[in-house]
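In full-length UniProt numbering, the protein residues as written are 1 to 102.
In structure tokens:
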């Protein structure tokens, strides 16, 4: 009987050890899963940043090409600010010329 009791106590201790080991493994797996999720998010962020950088570079290239084409059509360097100012003045002249008293 005492021998049987010792054997059962040993089994109980083994079961407690296995339970503790399982809890530790679960905690380790959770930690690993968090690390992998964090690494995945970091990679996704880097990929998105690279895509944005490429898109920005493509837009800049298109704008430069458009500017070069405009300069080609105008026969030289094109001053956008001066053009805006002149066109605004022309628009104002046209607007007020309609209201001129004859």
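The beta carbon of each residue, even a glycine, is placed where N, CA and C say it ideally should be.
query	result
Keeping to the same chain, check which residues put their C-beta closer than 7 Å to that of residue 86; ignore five residues upstream and five downstream.	none
Do you know offhand how far residue 62's Cα is from residue 82's?	22 Å
Less than 8 Å separating the beta-carbons of residue 71 and residue 65?	no
Between the alpha carbons of residue 28 and residue 50, how many angstroms are there, rounded?	33 Å
So, at 8 Å on beta carbons, what are the nonlocal neighbours of residue 115 in its own chain, with the 5 sequence-adjacent residues on each side left out?	Nothing about residue 115 can be reported from this structure: the residues present for the chain run from 1 to 102 only.
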